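Residue 5 is where the sequence shown starts when you use our numbering, and the numbers rise one by one after that.
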Amino acid sequence: MTAVEPAPTLVTPAAEPAASRAPVPQLAARARSVGGSPVRDILAVTARPEVINFAGGLPAPELFDRDGIAAAFEHVLAHAPAQALQYSTTEGEPTLRAGLAARVTDRGLPTTPGDLLITTGSQQALSLLATALIEPGDTVLVENPCYLAALQVFGLAGARVVAVPGDADGVDPAALEEAIRREHPKLLYLVPTFQNPTGRTMPAPRRAAIAEVAARRGLWIVEDDPYGELRYDGEHLPWIASLPGAEDRTVLLGSFSKVMAPGLRLGWLRGPGELRRACTVAKQAADLHTPTLNQLAAARYLDVLDAHVKRVRSVYGARRDAMLAGLPAALPAGSRWSRPAGGMFLWVRLPESYDTLALLPRVVEQNVAYVPGAPFHVGEPGRSTLRLCFVTQTPDEIGEGLRRLARGLAG
């Protein structure tokens with residue numbers, strides 16, 4: 005008889021303890037401490053087509069020169085495809101830098117192509133300057149209210165941001181001198197022409213006084229000028245960068261976003277050699293270079309840019325006038341507002357009993373939107389203030405939007 009082997013004994017291995025999961029390291033302190041843009045948040049909420057949106061800072065899309073820009077791209081791709089589709093130098097395409105240097109020189113500030121760094125929008129120029137200049141804990145002086153995205157950049161750099169008192173003409177030179185003495189700042193950030201958010205412009209004597217203080221006290225000035233070509237009244241004022249005492253300590257920033265197309269993401273930085281070279285190294289680490297194709301197309305389009313800007317100024321000036329004409333009936337008694345000579349924005353101060361942040365949901369129910377002024381402030385938030393953009397809507401749409409705004413504010 006054949007022996008039967010015993011069935012093998014199955015041994016179940018002891019269950020291993022579940023692998024422990026350690027948390028990943030937390031975000032950098034600067035990323036945890038700086039919030040997003042309230043303007044971007046509002047735009048997301050008010051993107052419905054029925055909303056008349058005075059909140060954004062967007063150029064009017066129907067005014068983009070689609071044919072002219074398309075022709076510039078087609079020419080570049082037809083005549084220099086290998087160059088256009090290849091890597092480029094960090095400093096920027098020579099043809100664009102040369103054309104831009106000529107434009108800046110024509111406006112009163114002698115500039116060579118070597119003085120310029122092409123950036124991916126002027127917002128990148130601000131970030132590069134923060135990398136090159138600011139150590140965590142350094143003090144940065146600003147206007148109050150101030151361009152919101154600049155406050156974000158300085159916050160991410162770990163700067164201590166201090167507002168300099170001013171008036172309807174901008175930063176007060178005596179207050180600036182006192183702030184420098186007290187705070188020992190690294191730089192002063194200004195938008196002297198058609199400022200965002202107020203629309204105000206710093207007069208020439210005030211610019212000269214600011215330059216003199218910076219020269220005497222030892223201070224960098226970052227002069228941001230994204231709106232300077234959008235002038236509807238009056239004469240061009242000199243850049244602070246062109247004034248005696250400021251030549252070796254002023255960084256001038258500019259942008260093609262408001263006069264050509266923001267989707268091209270083209271800006272520029274003009275500054276003293278050592279600082280410009282430091283920004284170039286920072287840009288190498290950030291993105292190597294701004295897209296070659298966009299730069300070459302913009303260089304080609306410079307030949308017709310002045311004619312395009314002239315058309316845009318005519319339309320935007322009429323839209324500004326339509327908003328100014330409609331504000332007295334739209335706003336509560338006791339309100340005050342700016343009358344900008346150019347740019348894209350009006351600044352409104354309602355009576356002190358109004359809180360524009362708290363009122364915004366009620367206003368949006370009327371299918372119209374603005375930006376509350378509080379986020380633009382350093383320190384006291386200015387709760388009764390708001391910013392209106394007048395360039396994106398037609399005069400008829402502006403009139404209807406102001407009627408809706410009146411209903412929303414009235415409750």
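Glycine included, C-beta positions come from ideal geometry on N, C-alpha and C. Every value quoted in this text rests on a predicted model; they were computed, and no experiment measured them.
Beta-bridge pairing of residue i - partner residues as DSSP gives them
i: Gly-159; result: DSSP output for Gly-159 lists no bridge partner at all.
i: Trp-341; result: Val-352
i: Tyr-193; result: Val-146 and Val-226
i: Cys-393; result: Phe-349
i: Trp-272; result: Ile-122 and Gly-258
i: Arg-366; result: Arg-366 is not bridged to any residue.
i: Arg-235; result: Gly-346
Alpha-carbon to alpha-carbon, residue j and residue i
i: Pro-85; j: Arg-304; result: 14 Å
i: Pro-248; j: Gly-72; result: 39 Å
i: His-240; j: Pro-29; result: 52 Å
i: Ser-37; j: Pro-27; result: 20 Å
i: Glu-78; j: Ile-214; result: 45 Å
i: Pro-344; j: Pro-376; result: 19 Å
i: Ala-183; j: Arg-353; result: 26 Å
i: Ala-212; j: Ala-219; result: 11 Å
i: Glu-369; j: Leu-160; result: 34 Å
i: Glu-278; j: Asp-173; result: 32 Å
i: Thr-143; j: His-83; result: 49 Å
i: Arg-25; j: Pro-140; result: 33 Å
i: Leu-413; j: Pro-63; result: 26 Å
i: Arg-407; j: Ala-163; result: 42 Å
i: Leu-392; j: Ala-59; result: 6 Å
i: Ala-102; j: Val-308; result: 16 Å
i: Ile-402; j: Gly-346; result: 17 Å
i: Gly-258; j: Pro-276; result: 15 Å
i: Arg-274; j: Thr-93; result: 17 Å
i: Ala-289; j: Ala-302; result: 24 Å
i: Leu-390; j: Ala-378; result: 8 Å
i: Gly-118; j: Val-367; result: 49 Å
i: Tyr-374; j: Leu-100; result: 36 Å
i: Ala-208; j: Trp-243; result: 9 Å
i: Thr-116; j: Glu-97; result: 13 Å
i: Asp-252; j: Ala-245; result: 8 Å
i: Gly-405; j: Val-55; result: 9 Å
Three-state secondary structure assigned by DSSP to residue i
i: Asn-57; result: strand
i: Ile-225; result: strand
i: Ala-167; result: strand
i: Thr-6; result: With a pLDDT of 46 at Thr-6, under the threshold of 50, the modelled position of that residue is not reliable, and no figure is offered here.
i: Ser-318; result: helix
i: Pro-376; result: strand
i: Ser-259; result: strand
i: Leu-417; result: Nothing about residue 417 can be reported from this structure: the residues present for the chain run from 5 to 415 only.
i: Gly-346; result: strand
i: Ile-138; result: coil
i: Val-313; result: helix
i: Gly-174; result: strand
i: Thr-254; result: strand
i: Leu-100; result: helix
i: Arg-411; result: helix
i: Glu-401; result: helix
i: Ala-265; result: coil
i: Ala-51; result: coil
i: Asn-298; result: helix
i: Ala-84; result: coil
Residue i: CB within 7 Å of a non-hydrogen atom of the ligand HEM
i: Leu-100; result: With respect to the ligand HEM, the structure offers nothing, as it holds no ligand at all.
Test item: CB-CB of residue i and residue j under 8 Å
i: Val-226; j: Leu-191; result: yes
i: Thr-396; j: Asn-57; result: yes
i: Glu-95; j: Leu-113; result: no
i: Ala-334; j: Ala-410; result: yes
i: Ala-179; j: Pro-189; result: no
i: Ala-88; j: Leu-300; result: yes
i: Tyr-231; j: Lys-262; result: yes
i: Gly-238; j: Trp-351; result: no
i: Asp-229; j: Thr-197; result: yes
i: Asn-148; j: Phe-349; result: no
i: Leu-133; j: Val-255; result: yes
i: Pro-355; j: Ser-339; result: yes
Next on the checklist: Below 8 Å, how does it come out for the stretch 305-314 and the stretch 381-395: are there three or more Cβ pairs, yes or no?
Outcome noted: Contact between the stretch 305-314 and the stretch 381-395 is absent, because fewer than three Cβ pairs lie under 8 Å.
Next on the checklist: Three Cβ pairs or more, each shorter than 8 Å: is that satisfied between the stretch 125-145 and the stretch 272-292?
Outcome noted: The stretch 125-145 makes contact with the stretch 272-292, as at least three CB pairs between them are under 8 Å.
Item to check | Inter-stretch contact (C-beta, 8 Å, three-pair minimum) for the stretch 320-329 and the stretch 99-116 | outcome: No, because fewer than three Cβ pairs between the stretch 320-329 and the stretch 99-116 fall closer than 8 Å, the two stretches do not touch.
Checklist entry - How do the stretch 59-67 and the stretch 269-276 stand: do at least 3 beta-carbon pairs fall below 8 Å, yes or no? => result As far as the Cβ criterion goes, the stretch 59-67 does not touch the stretch 269-276, which means the pair count is below three.
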